[in-house]
Amino acid sequence: MGEVHIVPSGKVYRQIFDAEVQLVRSLDAARRRSIQYGIPLDSGKIPLVKNLDPLSRGMLSHRQQMWIEGMPNDGITENPVFYRETKISAIEKNKETDEEIAAREVGSLTDIIVSEKTGSDIIQRVSQRRQKLHLEELMKLQKELADLSRDLEPLYLEGGETLLKKLLTSDEKVQQLFKKIESDSDLVTFTIQDLWKLWDDVIQQSLQRKEWIIELDEALKKLEWKRTKMVKDILKTYTLSLEKISFLVPCDVHRYIDKQAMMINQAFLANKRAVAKLYINLIEANLKWEKSLRLKWEDRVQDWKTIQRESFVQKLNGLKPPTCSKKEVHEWWSSFQHLNEEIDSMHVKHMKQFRMLYENICLECLAEIDKLREELLFSQVCTLDEVNYLVNHKLLPLAGNLQRGIEEELDHMDINCHLPMSNPWRSWQSEQSCKVNFSISSCKEQLTCGKSMKLASLIREVFFR
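So that you can map any letter, position 336 of the sequence shown is 336 in full-length UniProt numbering, and since no number is skipped, the others follow by simple counting.
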């Protein structure tokens, strides 16, 4: 039979091995059947008696008895030596060659091979052990990925809770600022410069909140990058481990790991979309918060102007009519006309400055539109047709509405500026209101703030709708 070897795993290899065993056994049986009983004639020994017929006379057969009784060289009695040589020559003639023996042995093999279970079950036991180790490694892989997510989850929650605490602190500070102008009695003590300073403090809080939102976004992106790197290392480690176990061939192992990596990549993409959506929602909420505070502040400024106007009217009501001569009245009228001329020149000067500032605002809006168009084309976020559609149907109409509102506001201001010329009382009242409300520095601050609010609403209209 020869040595016993463990054949490779697999049904095909097992069938080949069983066929070889059956073939060797059949050949051995055929060889055993071809062996002749007894000792060959050319061995030099006395041949075995194959015919065991009972002897009729004594111990010698009939042929042996005739040879003993016969005369030497009588030509009738059989010569045993001659008979031996004759049989040996006949056997030599009929002796088969190696090729004939091989052909006869092959021909004597069975036509149908019946497989039978031979050998030990070591192959099955090795396969079962590898399968067990393979499943254990897969369970370890899933457990390690779950542990990674569980360890990183508190870091995400910690960043959100920290931002929430900071926003609550900022809300308290802003509420403290608006408490200073909450009542009319406190509002009377403020000047227009104090009100603008209060609004500057609110703007600083808004900028600080925006910085906190950006910091949270960067922290979440770093956590996602860290998670991606750790998952990559885990998949590499378990790929080598599964290849070493060899329950599956390497190509099947890589196919399984690629499938797991694809599912994990989908989860990563969903996380990135969620982080981006969170950033957009926080920025939008901050803009709405700032807009609501701006409206509240403007209402209080308008209330302050109303209070100042009413206080001034009450002071006028306490004045007595003047007792003077015609000359004094003429001098008063001349000074009044001179004052009207100064007011008119001041109105023209301020209206010119207003128009220049508003024109600069419109030009800056158009420049921002061109800049945005170039950035979209350069970053290839949109195609040329999409960019043109966005500019022509979204941005330019917004800029047109802004310019139309500015023109209406300028016309309204121009009409109000010409009203005092027809009424001396309105002229004198306009002079006092100009001293309060029409300082060029405050006008610039109002225009600058209005520009920032309109630009902010324009950007919000583009990016968040």
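Every residue, glycine too, gets a C-beta built ideally from N, C-alpha and C.
With distances taken between CA atoms, alanine 285 lies nearest to Lys210 out of Glu105, Leu223, Thr77, Lys210. Take glycine 160, set aside five residues on each side of it, and no residue of its chain has a beta-carbon closer than 6 Å to its own. When the Cα atoms are used, lysine 180 and alanine 274 turn out to be separated by approximately 40 Å. Between arginine 373 and valine 387, the C-beta gap is smaller than 8 Å, which places the two residues in contact. Pairing alanine 399 with leucine 357 gives a Cβ-Cβ distance that is not under 8 Å. For leucine 398, the three-state secondary structure derived from DSSP is helix. Glutamate 105 places its beta carbon 8 Å or farther from that of arginine 32. Methionine 71 carries a coil assignment under DSSP once its states are collapsed to helix, strand and coil. Between leucine 282 and histidine 134, the CB-CB gap reaches or exceeds 8 Å.
If you look at valine 231, you'll find it in the alpha helix (DSSP H) that goes 192–245. Distance from the Cα of alanine 276 is smallest, within the candidate group Trp333, Asn401, Arg255, Ile214, for Ile214. The beta carbons of alanine 261 and leucine 223 sit no closer together than 8 Å.
Threonine 191 counts as exposed, since fewer than 16 other C-beta atoms from the protein chains shown sit within 10 angstroms of its C-beta. Your pair leucine 177 and valine 202 checks out as a contact, with CB atoms roughly 6 Å apart and the cut at 8 Å. Apart from sequence neighbours up to five positions away, no residue of its chain approaches alanine 103 with a beta-carbon distance below 8 Å.
Counting only the Cα atoms, arginine 309 lies some 24 Å from histidine 338.
With respect to the 8 Å criterion, valine 231 and leucine 145 are classified as neighbours on the basis of their beta carbons. The beta carbon of glutamate 342 lies closer than 7 Å to none in the same chain, with the five residues before and after it left out. Inclusion of valine 249 and threonine 239 in the CB contact set at 8 Å is not warranted, their separation being larger than that value. Ranked by Cα distance from methionine 263, the first of Glu136, Glu96, Gln142 is Gln142. At least 8 Å separates the beta-carbon of leucine 163 from that of isoleucine 307. Distances from the CA of glutamate 368 to each of Val301, Ser292, Leu395, Glu359 were compared; the closest alpha carbon is that of Leu395.
Of the candidates Met351, Thr77, Asn94, the residue whose Cα lies closest to the Cα of glutamate 409 is Met351. Serine 170 places its beta carbon 8 Å or farther from that of glutamine 131. Rounded to whole angstroms, the gap between the alpha carbons of glutamate 331 and glutamate 290 is 52 Å.
Rounded to whole angstroms, the gap between the alpha carbons of glutamate 218 and serine 206 is 19 Å. With at least 16 other beta carbons inside 10 angstroms of its own, tryptophan 199 counts as buried. DSSP, reduced to helix, strand and coil, places serine 345 within a helical segment of the structure shown. For the pair methionine 66 and serine 26, the Cα-to-Cα distance works out to about 47 Å.
The continuous alpha helix (DSSP H) containing lysine 140 extends over residues 122–179. Contact between leucine 295 and arginine 227 fails: their C-beta atoms lie close to 42 Å from each other, not under 8 Å.
Exposed is the label assigned to phenylalanine 82, since fewer than 16 other Cβ atoms lie within 10 Å of its Cβ.
If you draw a straight line from the Cα of glycine 107 to the Cα of asparagine 94, it comes to about 19 Å. Residue burial annotation: valine 329 is exposed, with fewer than 16 other C-beta atoms found within 10 angstroms of its C-beta.
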